[in-house]
Amino acid sequence: MENDAATLYCPNEYCQAANPLTYKFCQRCSTPLPKRYLRAVGDSLNLGIPGEILADRYLVINQSIIFDLKPGLLPQIPELDNLQQIKAYLKLIPYRLHIPQIYGMLSINEGQSLLLLEQPPLVADSADSQIHLCSKLTTAWGDASSMRQMNWLWQLAHLWQPLWTEGVASSLLDSNLLRVEGSLVRLLELHFDSQTAPTLSQLGEFWQQLLKEAKPAIAEFVKQISNSLIHGEINTSELLIKVLDQGLARLGQTSSGRNSPTQTTIKIVTQTDTGPSRQRNEDACYPSSGVVVSKPPQQTALAIVCDGIGGHEGGNIASSLAIETIQQQVKELTSVPYENIDPLLLLNDLEQAVALVNDKISQRNDTEHRQGRQRMGTTLVMALPIAHEMYITHIGDSRAYWITRHGCYQVTLDDDVASREVRLGYAVYREALQHSGSGSLVQALGMGKSVSLHPTSQRFIIDEDAVFLLTSDGLSDFDRVEEYWETEILPIISGDTNIENAAQRLIEIANTKNGHDNVTIALVHSQVKYSEPEVALKADIITTISASKTVDLTPRTTNSTTLGNSHQQTQVIPETKPVRASQLPLQLLILLGVLLAAGSLGYWLKIQRQIPSRITDPLIPFVSPQPTITETPSPETLDKQEDFSPAPVGQPPPP
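Residue numbering for the sequence shown follows our numbering, beginning at 27 and increasing consecutively.
Okay, structure coming up:
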C-alpha cells in the first residue's frame, strides 16, 4: 500500500483504535483486524491515484481495487428499489464461490456512485507486496492439466442456467470477466444481457477459442462438445453437464485403479468438546471424536458434524440420532463401484437421506409430545469423498470450508434469516446482518415435516491437495476460521503439521477465542496425484443425447444452489430403498408397459359399461374418475411463505 499515513481502525465499537495496516490484531484490545479488499464497479471508473483515501474510509490500491480502513462500520447501502440490476448479485448468493457479492456503495465526485463488491478474485503477490486480479481463464488455460481444464468447463456449464435465469449469462462469454483462482472459476463482476439472451451456441463458439491450447487428452473431446453446442445437438445445460460428467469420470476413473491417472488418498479426523461455558455437549460427529480414518485402506470415508438444538437432553439425542441414521444411509448409497455412480442421483439420494433423518427426529418429538422450544433438532454438515470428487450436504448453520493453497472458501450458505433475505433480493448481506434475529435459523432437522425441508447438496471436483473443514458454530462464529486458516489448516497441505494436531489446535482456538458454545470439527485431507492420460477422450454425444430422451433432464430449481447441486425438492425415502427403473431389465420394463396398457384399456371399458346405468338413476349422479394430484410448491413459493412466516429454530413451525 502506498499511503504510510493510512491506518486500519479496530472494528470493536468500544475500542476503534487506529492500527498500522500490517497489523493482524488491534494493538490495544487484540481484536482481529479484517482485511477487506473491494472492487469498485461503475461507468467511467476513475478512483484516483493509489494511496488516496476516498470518503474518509477507502484506500485506493489501483484503478479498481480499494481497501476498507473502517471495517467495523456499515457501508453505504444501495437503494434496492431503484437498482434492479443489483438483485442479480443478491439472488446468486448461493454461487458466491464464483460471483463476488455486494458490499455497499461509494459516492465520489459529481454525484457518481460506484458499486463495491467484496471477495473479488484477487491474489496477493508476496514478492512485491501488491494486490493483483487473478489470471484470466484464457491466459491460464494452456498451463492447466487436462483435469483442471475439464473442471473449469464443468463449472461454467453449471453456472449457465442460474446466470441465464437472472439475465447475466453473457458474463460467461466475456474472457475479461472469467478469472481463475487455482481450480476455481471466479467472475470479476456480472454483465447484464442485452435484449436478446445469449445461447448455448454462443457458449460453444466461445469454447472453440480454447481448442488450440487444450491438452491432447481432451482436445478432441472439447472440439466435439463445442461443435455440438454450436449446431444445437446439446441444447440444454443439463445435457452439457451430463456429457462433461462422463468426460470427468473417464479422466479420473477409479481412485484405486493402478493405471488410473488420478490417485486420491483421504484422511479424516474429528474432535468435539463441551466448551468452557456449557454443562453438556449437544454436538456429535462421525467418525467418533479423536478417531482417524484413512482411505485407503478403508473402502469408504465419511465425515459428519451435527450441532444439537433444544430441550433438556434433546440436542444431544437429535444429533446422535442424525449421525447414526445418516452414516447407515450413506454406506448403502456408496456400496456400488465409482464408475456405476450417477452424480445427480447420488446428490438427490443424499438429500433424501437427510429427509429421512429429519422425519425420524420429528417423529420422536411427536411421540414424546415435545412442543415449541422443547422440540429437539440438529444442524448437519457432511463430506463424502468419492474418487476425485467431494460431496457436501448441509442444513442449518454448521459449515463446510474448502482450504487450498490459494485460499479459504466457505462453500455452504447458512440457513438463517440474513441469508434468506439476501437470496430473495430483499437486502444486501451486511445490511441484513444488522436486523434483529438475523442469525435465527429458518430450518434444521427435526423441527417439521420433510416436505418443507430444503437441504443443500454440492459436488466439487478435486484436482489438487485440499482440506475440507466441517464445523459447528462454536468455531465458525466471529470469523475464527477466516482468521486462523492460514496458520492452522494450510500447514496440513504443505506437510508442516499433521491433521491430528491441527484438529486439536482448532478446538483450543474455539474454546479460548469464542468459548460460548460446544465445538465440533472434522478435517478431511484430500491428497491428489494426477498424471496426464495417454489415451485421448472422445465424447459419445449421440449416445448421451439418445439416453437423455428417456431421462428427465428438465431444469430444476432449488432455494439454495451451488455447483453440482441436485435441484430436485427432497422427498422422504422409505427404509427399504426402491429399485430404480434404470436398474430393471429391459424385458421386464416392456412387460410392465404391456400389462399397464391392458389394465388401462380394461378399466376404460368397465367405466363405459357403467355410464348408462349411473346416468339413468337420478339418485346416483355420475362423476368421472379424477386423478389424485399432489402439487409440490416451487422453491420460490416456499421462499415467499418463509418470508411471511419465518420460524426460527426453537419455535413451532407455522401451520
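Beta carbons: idealized from backbone N, C-alpha and C, even for Gly.
All values reported here derive from a predicted model rather than from experimental measurement.
DSSP, read as helix, strand or coil, puts R531 in helix. Sequence-distant partners of S197 (beyond 5 residues in either direction) whose C-beta falls short of 7 Å from its own C-beta, in its chain, are L189, L203, L213, L216, H217.
Per the Cβ contact rule, the stretch 428–445 is in contact with the stretch 478–493 (3 or more Cβ pairs under 8 Å). Membership of F232 in the alpha helix (DSSP H) is indicated by the continuous run 226–234.
Judged by pairs of C-beta atoms under 8 Å, the stretch 416–431 touches the stretch 485–504, as three or more such pairs exist. In this structure, the alpha-carbon of Q187 lies about 44 Å from that of H395. The distance from the Cβ of T288 to that of T326 is about 18 Å, inconsistent with a contact at the 8 Å cut-off.
Counting only runs that start and end inside the stretch 303–379, the beta strand (DSSP E) elements of at least 3 residues fall at 309–312, 318–321, 329–335. When the alpha-carbon of G422 is set against those of L467, A240, D200, K238, the nearest one is in L467. The C-beta of R174 has 16 or more other C-beta atoms within 10 Å across all chains shown, which makes the residue buried. Put simply, the stretch 258–267 touches the stretch 219–226. At least three CB pairs are less than 8 Å apart. The stretch 127–141 makes no contact with the stretch 205–212; the number of CB pairs closer than 8 Å stays below 3. Judged by DSSP secondary structure, T570 falls within the alpha helix (DSSP H) whose first and last residues are 567–574. With fewer than 16 other Cβ atoms inside 10 Å of its own Cβ, C55 counts as exposed. Contact between K386 and L410 is ruled out by a C-beta separation of about 20 Å, above the 8 Å threshold. L495 sits in a strand when the DSSP states are folded into three classes. For I533, the number of other beta carbons within 10 angstroms of its own is at least 16, and it is reported as buried. The beta carbons of I103 and L73 sit no closer together than 8 Å. The secondary-structure analysis by DSSP pairs I421 across a beta bridge with L406.
Here the C-alpha atom of E192 lies approximately 43 Å from the C-alpha atom of A31. In the DSSP assignment, the residues bridged to K162 are R205.
Around the beta carbon of D200, fewer than 16 other beta carbons sit within 10 angstroms, so the residue counts as exposed.
In its chain, beyond the 5 residues on either side, N540 have a beta carbon closer than 7 Å to the beta carbon of D503.
In the DSSP assignment, Q289 forms a beta bridge with K555. When the beta-carbon positions are compared, A243 and P37 stay at least 8 Å from each other. In the three-state reduction of the DSSP assignment, T482 falls in the strand class, which pools E and B.
According to the DSSP assignment, Y129 belongs to the beta strand (DSSP E) that extends over 127–133. A114 carries a helical assignment under DSSP once its states are collapsed to helix, strand and coil. Closest in C-alpha terms to N253, from the list E264, Q234, V269, comes Q234.
The Cβ-Cβ distance between S320 and K293 falls below 8 Å.
Taking the C-beta atoms as reference points, D499 is found nearer than 8 Å to D333.
In chain order, Y312, Q353, V356, M408, L410 place their CB closer than 7 Å to the CB of L328, counting only its own chain and leaving out the 5 sequence neighbours on each side. In the DSSP assignment, F93 falls within the unbroken beta strand (DSSP E) covering 91–94. D151: member of the beta strand (DSSP E) spanning 148–151, first to last residue. By the CB criterion at 8 Å, I535 and H551 fall outside the cutoff. The beta carbon of A166 lies closer than 8 Å to those of V206 in the same chain, with the five residues before and after it left out.
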